[in-house]
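Beneath this line is the structure, given in structure tokens, with notes to follow.
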Amino acid sequence: MFTMKFIKLIVLIVICYQAASGQSQRSEDEYTRYELLDPTTQSFRIVYDVSAISSGTQYYFNTLRKGSEHKVDGVIDRASGKKLEWSVVSGVEAKKSGLSEAETDVDYLKVKLAMPVPVGGEYRLRIDKTYKDPASYFIQEDRIIFDRSLGIKRNAVVLPKGYELTKCNYPSQVTIELDGKLKVSFINVGSQNVSFHIEARKLPATANTTWVKSTLTENQTPGQGRNKSVARINFDFPERANQTREIVYFLQQPETNSFRLYHDYTEEKEGTDRYINVVRPGSKASNPSAKMLDTGKELKVETLRGDVINKRGLDIGEPVTPETEVVVIWYDAVKIGQTARLRIEETYTDKNRYVLNGDEFIFDRAFGRPFNTVVIPEGWFLIANAIPATIDLVDGKINLFYVNSAPDDIDVYLKGRRR
């Protein structure tokens, strides 16, 4: 029987082997926030959230872009909220430490993780740094300009206090923050970098930049359920780029009317110890499971129906009927400064939205999340897709990737035939 000391030794050997063999670094869930500082400084703060997903690795490397004067302000573990150790190293040293793709003429931020990336999980961290980059951020006549190639999918740029947005070259959301600063955010729906360009000018001193708390109205809800004949007063929409939910649908053979799915979700609210998934009317959930991605550990899952939901004192945000079904995932309550990242899996059977019609299958379902993937069942080929998607062959199956940068649902409709 293996002892704990022996297991730790094996883990250490694996980590050392990965470093020596030059494993490529993999990451996901990237989000960057650029806070433009006083224009005369030509500097901006960068807050970068990222999940390391290369199992067993002990370090994470962040490229410090050439042409910028960089200052690292700190790195924290997003799960625990604790500070992490870091150092700035050369590309040569980064390559020796295991980053196979390191460029020798570039510096890297080397972050020591509190534990190796768990198998089947991820390690979430937040990097806080400041760049001075006259080529990206400068003054031109009466305007300030931010012009930069942005490679990740989700980004936000915050203007200095007292400036208005006058130009933006990529479809973006605009919101006002608590301190009165304007934020411009977007999701890159393509596969290439976005050459993002915005311009702003100083507002007159009399301009009102006060943030006003939204007052909920009956016409607040986005999507098909709202009354579209009247304006949405104080419509409080989320920053789409900063939403953390994503979902993957694995269509089973159409005659089963079933699809396996998993969805990832980050909880940030202090005291929260559960996730409640309300099963859509007409669907039936089975074989639910969940794990904490921060540790890779399995979580307790329950399926509850009807009055049992009320007896357990669970608030699901809507009236409970005898047909109501929920899947509840339990975990340790989130403490102040901490967050939790969950992956929830289940099989849905839905005879109304996933059907076999003659020799064709039809999948017709509203998607509310920003990132959605549908995997076509084995033995079938795609003949129709209504909502634009990027398509790729992954592990022998056709995958459709939908990026919804708007706060409304998208009605995905696709059809397939046997190959």
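First residue of the sequence shown? That's 1210 in our numbering, and the numbers climb one at a time after it.
Even glycine gets a Cβ: it sits at the ideal position worked out from N, Cα and C.
Remember, predicted model here, so these are calculated numbers, not experimental data.
Grab the span of the beta strand (DSSP E) containing residue i for me, first residue to last.
i	result
D1601	T1599 to V1603
G1625	I1619 to R1627
K1321	D1316 to K1321
E1302	E1302 -> not in any beta strand (DSSP E); alpha helix (DSSP H) instead, spanning G1300 to K1305.
L1591	W1589 to N1594
A1575	E1569 to F1576
E1312	Neither: E1312 is in no beta strand (DSSP E) and is coded neither H nor E.
Q1349	Y1346 to Q1349
R1489	No beta strand (DSSP E) contains R1489, which DSSP labels as neither H nor E.
Y1379	Per DSSP, Y1379 belongs to no beta strand (DSSP E) and is neither H nor E.
L1565	Y1563 to N1566
Just how far apart, CA to CA, sit residue i and residue j?
i	j	result
Q1251	L1318	22 Å
V1421	P1369	19 Å
T1582	K1544	32 Å
T1339	P1248	14 Å
D1618	G1577	4 Å
L1623	F1572	5 Å
R1628	Y1458	20 Å
P1447	E1476	15 Å
R1235	S1264	9 Å
I1485	E1302	46 Å
D1604	F1580	20 Å
I1596	R1254	36 Å
G1399	G1491	34 Å
K1520	Y1540	20 Å
L1391	V1256	16 Å
N1443	V1393	19 Å
A1615	K1305	43 Å
S1498	Q1461	18 Å
T1530	T1465	26 Å
D1388	A1344	28 Å
I1219	K1321	Residue confidence for I1219 is low, a pLDDT of 47 falling below 50, so the modelled location carries little weight and cannot support an answer.
Tell me, which residues are paired with residue i by DSSP?
i	result
G1283	D1337
E1237	S1260
D1356	H1406
F1610	T1582 and T1599
E1511	V1537
F1459	R1469 and V1584
A1615	Answer is none; A1615 lacks a bridge partner.
T1266	T1266 is not bridged to any residue.
Y1557	F1468 and A1494
V1366	Y1243 and V1393
A1499	I1553
V1297	L1318
I1255	Y1243 and K1338
Can you list, in chain order, the residues of its chain with a C-beta nearer than 7 Å to that of residue i? Leave out the 5 residues immediately preceding and following it.
i	result
S1296	K1319
T1504	P1327 and G1330
G1625	E1569, F1570, I1585, W1589, F1590, L1591 and I1592
K1606	V1584, I1585 and E1587
K1411	G1371 and Y1372
R1574	R1562 and V1621
I1348	P1248
A1409	R1352, I1353, L1368, Y1372, E1373, L1374 and T1375
I1262	R1235, S1236, E1237, V1326 and E1331
N1496	E1555 and T1556
T1384	K1392 and E1448
Check for me: the alpha helix (DSSP H) holding residue i runs from which residue to which?
i	result
N1519	D1516 to K1520
Tell me which same chain residues have a C-beta within less than 8 Å of the C-beta of residue i, skipping the five on either side of it?
i	result
K1493	E1534, Y1557, T1558 and D1559
K1275	D1314 and V1315
F1215	At F1215, the pLDDT of 45 sits below 50, so the modelled position is not reliable and the matter cannot be decided from this model.
N1641	Outside the shown range of the chain (1210 to 1628) lies residue 1641, about which nothing can therefore be said.
N1608	T1582, V1583, V1584, I1585, I1600, D1601 and L1602
Does residue i come out as helix, strand or coil in the three-state DSSP assignment?
i	result
T1453	coil
T1384	strand
T1272	strand
T1250	helix
E1479	coil
E1331	coil
I1525	coil
R1552	strand
K1506	strand
K1292	strand
E1278	strand
K1411	strand
Please work out which residues of its chain come closer than 6 Å, Cβ to Cβ, to residue i, disregarding the five sequence neighbours upstream and downstream, and give them in chain order.
i	result
E1507	K1500
K1341	Q1251, S1252 and E1278
R1469	F1459 and T1556
L1502	G1330, E1331, R1550 and R1552
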